[in-house]
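Numbering (the numbering used here), first residue to last: 745 to 962.
What follows is the structure, given as structure tokens:
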């Protein structure tokens with residue numbers, strides 16, 4: 745079991761580092777129904793990720809013979825290459841004007857719990873974390889931990905993904921309005937450096953996943 749957790753560490757870190765999810769959550773914590781909106785937004789991500797995880801478990805993630813190590817390594821390599829390609833595309837794109845806020849962020853400023861949930865569903869579906877989660881689930885399905893270990897591994901991946909929401913919501917719940925200034929400053933910094941953060945994330949994790957998969961296949 746400890747070996748599986750160690751193998752899942754890169755995926756768990758990748759699921760935690762999601763700038764768009766953090767920015768969206770903080771934006772909603774500045775809205776009228778702060779906590780309700782943020783919880784609805786995070787719940788949508790959890791719903792999408794849980795469905796992927798359940799599908800993988802039903803597909804045999806708890807069966808040691810369901811997926812070979814080779815298949816798992818190829819999935820990790822493919823995810824890494826895709827991330828590197830996205831990083832190259834982002835790097836080649838013309839930077840947006842300084843201070844320009846993406847449209848989806850502007851839309852969240854006046855969100856309600858319902859629209860926050862819908863926005864969360866959309867962002868979770870097109871989020872690169874989907875591929876990271878799939879990589880993690882293939883690692884679980886190629887391990888020999890049984891259904892109990894598979895459930896624990898899956899739970900760790902889901903908890904890691906939810907930290908993007910649990911941490912800001914927790915800080916806001918404990919500190920209330922005193923947390924607004926710090927969270928707003930963090931959001932502003934992330935929006936200002938959105939492109940650089942995206943490139944760093946895609947290149948960083950793309951290189952990590954690609955090298956790990958390639959070395960395992962050699």
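We put the beta carbon where it would ideally sit given N, CA and C, even for glycine.
Using the Cβ count rule (16 or more neighbours within 10 Å means buried), how would you classify residue 869? By the 10 Å Cβ count, residue 869 comes out exposed.
Taking C-beta to C-beta, are residue 823 and residue 875 nearer than 7 Å? yes
Do the segment 909–919 and the segment 828–842 meet, that is, are 3 or more Cβ pairs less than 8 Å apart? Contact between the segment 909–919 and the segment 828–842 is absent, because fewer than three Cβ pairs lie under 8 Å.
Whole angstroms is fine: what's the gap from residue 799's alpha carbon to residue 894's? 13 Å
Would you kindly work out how many angstroms separate the C-alpha atoms of residue 906 and residue 786, rounded to a whole number? The alpha-carbon atoms of residue 906 and residue 786 are separated by roughly 7 Å.
Give the straight-line distance between the Cα atoms of residue 916 and residue 922, rounded to the nearest whole angstrom. 8 Å
For residue 930, which option in 747, 789, 770 and 752 has the closest C-alpha, if you only look at C-alpha atoms? 770
Can you tell me which of the three DSSP states residue 752 falls into? helix
Beta-carbon within less than 8 Å of residue 904's beta-carbon, same chain only, minus the 5 sequence neighbours each way: which residues are those? 755, 756, 757, 759 and 760
Could you compute how far the alpha carbon of residue 901 sits from the alpha carbon of residue 877? Distance between the alpha carbons of residue 901 and residue 877 is about 7 Å.
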